[in-house]
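This report concerns only the one structure given below.
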Amino acid sequence: MQRRAFLAVAAAGAAATLTACAGLSITPPPTSAATNGSAPVPTPSGSPDASPSATATAPSTPGPKGSSLLKVVRPPGPITELPGTGDLLAWTADDGADSDVIRKYVDFAVASGVRLTLFANGRFAGWTVNAAALRPLGRVS
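Letter by letter, the sequence shown follows residues -22 to -1, 1 to 119 in mature numbering (1 follows the signal peptide of the UniProt record, and there is no 0).
Dropping the structure here:
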């Protein structure tokens, strides 16, 4: 299959999927002690040596203006599992080395409030070019 034909079919499939998803209604999770700004509530962990702070359900705050998403506060320490009831997504992006692609991921994260896992290794010039924009987004693990 030709590359352009493949990309056209992939784009059409993505557009159809997004169009189908556009009609879905998103209901916010029920308010509980874990989501109203109180202290984190520990959740069971599959690992006996996981620390409670790394597996606690963190309080949430409203996402970016116009968004129905809730932003979950990052718990202290290493994150060994997602907080909450299993309705959250861990998004890891293969951001590559192209400066323009890295900048667009940064712009997307800032505009949407989405948290991304990026592998900023500093080996490629694209990371150096975008270092100042990446710093405020979060910590380096």
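Cβ coordinates follow ideal geometry from the N, Cα and C atoms, glycine included.
Contact check, residue i vs residue j, beta carbons under 8 angstroms
i, j, result
"Thr95", "Ala71", "yes"
"Val50", "Leu66", "yes"
"Gly104", "Ala75", "yes"
Buried versus exposed call for residue i [16 or more other C-beta atoms within 10 Å across all chains shown]
i, result
"Val(-14)", "exposed"
"Ala87", "buried"
"Gly15", "Confidence at Gly15 is low in this model, with a pLDDT of 48, below 50, so its placement is unreliable and the value that follows should be read with caution. Classification for Gly15: exposed."
"residue 123", "The shown model of the chain, from -22 to 119, leaves out residue 123, and the question about it has no answer."
"Asn99", "exposed"
"Gly64", "exposed"
Nearest neighbour of residue i, chosen from the options [CA to CA]
i, options, result
"Pro114", "Asp85, Ala(-8) and Leu66", "Asp85"
Checklist line | Inter-stretch contact at 8 angstroms, needing at least 3 Cβ pairs: the segment 73 to 88 / the segment 45 to 65 | finding: In this structure the segment 73 to 88 does not touch the segment 45 to 65; the number of beta carbon pairs closer than 8 angstroms is below three.
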